[in-house]
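**Q** Residue numbers (my numbering): 5 to 69. Virtual Cβ for every residue (Gly too), placed ideally from N, Cα, C. Everything numeric in this text was worked out from a predicted model, so none of it was measured.
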């Protein structure tokens, strides 16, 4: 679920007078979107480092490439 999806759910709940507590559906939707965004960010950060290579341009043995 994206953050825009969660925002749309929260807006709809608020306009309809729905449960806006921390236990309501809108809060659970926001939590799911936050977890999804964090996982995507972590995945992107780890995929930028090549397997067996450091960020400094050395291979896994420590020798310069």
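Roughly how far, in whole angstroms, is the beta-carbon of residue 43 from the beta-carbon of residue 9, given that I think they are within contact range, below 8 Å?
**A** 15 Å between Cβ atoms; not a contact.
**Q** Do you know offhand how far residue 12's Cα is from residue 41's?
**A** Taking the straight line from one Cα to the other gives about 16 Å.
**Q** When the Cα atoms are used, what is the spatial distance from residue 30 to residue 14?
**A** 5 Å
**Q** As an exercise, report each continuous beta strand (DSSP E) stretch of at least 3 residues that is fully enclosed by the segment 14-54, in chain order.
**A** Along the segment 14-54, the beta strand (DSSP E) does not occur as any fully enclosed run of 3 or more residues.
**Q** Less than 8 Å between the beta carbons of residue 28 and residue 17, yes or no?
**A** yes
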